[in-house]
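A.B. asks: When we follow this note's numbering, the leftmost residue of the sequence shown carries the number 28, and every step to the right adds one.
Note that CB positions come from ideal geometry on N, CA and C, so glycine has one too.
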Amino acid sequence: MEREFKDKLVHFVQEALLEDVGSGDYTSLSTINEDQLGEAQLLVKEDGVLAGVEVAKEIFSQIDPELEFNPLISDGSHVQYGDIAFKIKGSIHTILKGERLVLNIMQRMSGIATQTSKYVQAISGTGAKVLDTRKTTPLLRFLEKKAVEIGGGSNHRFGLYDMILIKDNHVDYAGGISAAVNAAFDYKKQNQLDIAIEVEVRNFKELNEVLSLEAVDRVMFDNFSPAEVKEAVELVGDRLVTEASGGITLDTITAYAQAGVDYISVGALTHSVKSLDLSLKAKLI
């Protein structure tokens, strides 16, 4: 687990436990002896792609380093009803303390990975790649984007700081594409920023204006039809990285990929995904 991701996870778990446990898990404290040991297993109750096993291991480790965590299925694996993802053994109190947090995260991540896998399979062999967006749950972006990767997709920019992406509102506020791009390029030079400049275009007039500028690295075709994307890709040639975006669904993504675009961004990977049904089942030792 990379250092930056783990640092974010440590902070997230601390805040999530503070929210959920607060001053104490009074149900467990009042009904179960604190010394009681037990086992539990994560049961898959729906076919899909599993994600979050490594996160679950880290969560339980932070709650109680003495818990024995035994992963049986790895992240990115296709699972079906009845599979057991992992087993855990140790203090019942700490298992129950982490149960809901682990389930919430794994169900959400597995839902995203499952959805992403479907989109990736739909464009297999075309050369295009599936991208996520910033349409994520606030403060859960690092987990949701990790789930996209586990599902076989690729991450777009993580936030507003790792790419200059000039969209329609920026263009309109700045006074046009050329004005926005030139200002962005100057800002990038003045602040010694090593980041790409991408411009969203709404039509071929805007695309031709982008192609007349030297500072752009990447162009996004927003709400173009597959036929328009094909024409736009041919017009761009190898001058810029190309991306299609805007309401692309599982039913339409194949046509966009066959149009020859490099990347296809899909907000539905994260903004409206259904969680995968998982359950943590316990037993006494």
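Have a look at D74, K194, G273 and flag the residue whose alpha-carbon is nearest the alpha-carbon of V256.
C.D. replies: Here residue 256 refers to the residue found at position 229 of the sequence shown. If we check each option's Cα against that of V256, G273 comes out closest.
A.B. asks: Over the uninterrupted beta strand (DSSP E) stretch that includes R168, give me the two end residues.
C.D. replies: As a position in the sequence shown, residue 168 is number 141, starting the count at 1. Element bounds for R168: not the beta strand (DSSP E) but the alpha helix (DSSP H), 168-177.
A.B. asks: Is the segment 188-197 touching the segment 162-173 in the sense that three or more CB pairs, one from each, lie closer than 8 Å?
C.D. replies: no
A.B. asks: I need the straight-line Cα distance from S263 to S50, nearest angstrom please.
C.D. replies: Here residue 263 corresponds to residue number 236 of the sequence shown, with the count starting at 1. Here residue 50 corresponds to residue number 23 of the sequence shown, with the count starting at 1. Looking at the sequence itself, residue 263 is Val, so the reference to Ser does not match. C-alpha separation (whole angstroms): 59 Å.
A.B. asks: Under the three-state reduction of DSSP, which class applies to V300: helix, strand or coil?
C.D. replies: Numbered from its first residue, the sequence shown carries residue 300 at position 273. Coil, per DSSP.
A.B. asks: Given a cut-off of 9 Å, decide if L307 and L130 are closer than it, judged by their beta-carbon atoms.
C.D. replies: Sequence index remark: in the sequence shown, residue 130 carries index 103 (1-based). Sequence index remark: in the sequence shown, residue 307 carries index 280 (1-based). Result yes, Cβ atoms of L130 and L307 sit closer than 9 Å.
A.B. asks: Here's a check: name, in chain order, each residue in its chain whose Cβ is nearer than 7 Å to the Cβ of L240, leaving out the five neighbours to either side.
C.D. replies: Here residue 240 is taken as the residue at index 213 of the sequence shown, counted from 1. Cβ neighbours of L240 beyond the five flanking positions: S205, V208.
A.B. asks: Does the separation of the CB atoms of A259 and A155 fall below 9 Å?
C.D. replies: Along the sequence shown, read from residue 1 onward, the residue named residue 259 stands at position 232. Along the sequence shown, read from residue 1 onward, the residue named residue 155 stands at position 128. Contact: no.
A.B. asks: Let me know the alpha helix (DSSP H) ranges lying completely inside the segment 71-143, each 4 residues or longer, listed in chain order.
C.D. replies: 80-90
A.B. asks: Along the chain, where does the beta strand (DSSP E) that runs through A242 open and close?
C.D. replies: The sequence position of residue 242 within the sequence shown is 215, counting from 1. Per DSSP, A242 belongs to no beta strand (DSSP E) and is neither H nor E.
A.B. asks: Could you tell me which of G109, D62, F113 sits nearest to F87, measuring between CA atoms?
C.D. replies: As a first step, residue 87 is located in the sequence shown; it is residue number 60 there, counting from the start. The shortest Cα separation from F87 among G109, D62, F113 belongs to F113.
A.B. asks: Can you tell me where the beta strand (DSSP E) holding E258 begins and where it ends?
C.D. replies: Numbered from 1 along the sequence shown, position 231 holds the residue referred to as residue 258. Segment 253-263 is the alpha helix (DSSP H) holding E258; no beta strand (DSSP E) there.
A.B. asks: Helix or strand or just coil, what does DSSP make of V37?
C.D. replies: The residue you call residue 37 lines up with position 10 of the sequence shown. It is helical.
A.B. asks: Is T153 helix, strand or coil when you go by DSSP?
C.D. replies: On the sequence shown, position 126 is the one that residue 153 refers to. Three-state DSSP puts T153 in coil, outside helix and strand.
A.B. asks: Assuming E171 contacts T297 (C-beta within less than 8 Å), just tell me the rounded distance between them.
C.D. replies: Mapped onto the sequence shown, residue 171 falls at position 144. Mapped onto the sequence shown, residue 297 falls at position 270. With 8 Å as the limit, E171 and T297 qualify as a contact, their Cβ atoms being about 5 Å apart.
A.B. asks: Ordered along the chain, which non-local residues of its own chain (more than five positions away) have a Cβ less than 7 Å from that of S144?
C.D. replies: Reading the sequence shown from its first residue, position 117 is the one you call residue 144. Within the same chain, S144 has close Cβ partners V76, G178, G179.
A.B. asks: So, are the CB atoms of V243 and E261 less than 9 Å apart?
C.D. replies: In the sequence shown, counting from the first residue as 1, residue 243 sits at position 216. In the sequence shown, counting from the first residue as 1, residue 261 sits at position 234. Cβ atoms of V243 and E261: not closer than 9 Å.
A.B. asks: Go through the segment 175-238 residue by residue and report every complete run of the alpha helix (DSSP H) that reaches 4 residues or more, in order.
C.D. replies: The segment 175-238 contains these whole alpha helix (DSSP H) runs: 195-201, 204-217, 231-238.
A.B. asks: Name the residue from T54, D102, L267, E270 whose alpha carbon lies nearest to the alpha carbon of L123.
C.D. replies: Here residue 123 corresponds to residue number 96 of the sequence shown, with the count starting at 1. Of T54, D102, L267, E270, the residue nearest in Cα terms is T54.
A.B. asks: Find the nearest neighbour of E93 within the set S118, I100, Y108, D74, judged by alpha-carbon distance.
C.D. replies: Mapped onto the sequence shown, residue 93 falls at position 66. Nearest C-alpha to E93: S118.
A.B. asks: Taking only three categories from DSSP, how would you classify I280?
C.D. replies: Residue mapping note: residue 280 aligns to position 253 of the sequence shown, counting from 1. I280: helix per DSSP, three-state reduction.
A.B. asks: State the start and end residues of the unbroken alpha helix (DSSP H) segment that holds T163.
C.D. replies: Locating residue 163 in the sequence shown gives position 136, where the first residue counts as 1. Neither: T163 is in no alpha helix (DSSP H) and is coded neither H nor E.
A.B. asks: Quick one: what's got a C-beta closer than 8 Å to L128's C-beta in the same chain, skipping five residues either side?
C.D. replies: What you label residue 128 is simply residue 101 of the sequence shown in a count that begins at 1. So the qualifying residues of the chain are V40, A43, L44, D47, I86.
A.B. asks: Nearest-angstrom Cα distance between T279 and A149?
C.D. replies: Locating residue 279 in the sequence shown gives position 252, counting from the first residue. Locating residue 149 in the sequence shown gives position 122, counting from the first residue. Taking the straight line from one Cα to the other gives about 9 Å.
A.B. asks: Measure the CB-CB distance between V300 and I90 and report whether it falls below 9 Å.
C.D. replies: Against the sequence shown, residue 300 aligns to sequence position 273. Against the sequence shown, residue 90 aligns to sequence position 63. No; because the gap between Cβ atoms is not below 9 Å, this pair is not in contact.
A.B. asks: How many angstroms separate the CA atom of Y290 from the CA atom of I275?
C.D. replies: Mapped onto the sequence shown, residue 290 falls at position 263. Mapped onto the sequence shown, residue 275 falls at position 248. For Y290 and I275, the distance between alpha carbons rounds to 12 Å.
A.B. asks: Among residues of its own chain, excluding the 5 on either side of A67, which ones have a beta-carbon nearer than 6 Å to its beta-carbon?
C.D. replies: Reading the sequence shown from its first residue, position 40 is the one you call residue 67. If the five residues before and after A67 are omitted, its C-beta is found closer than 6 Å to the C-beta atoms of I115, I122, L307, A309, all from its own chain and listed in chain order.
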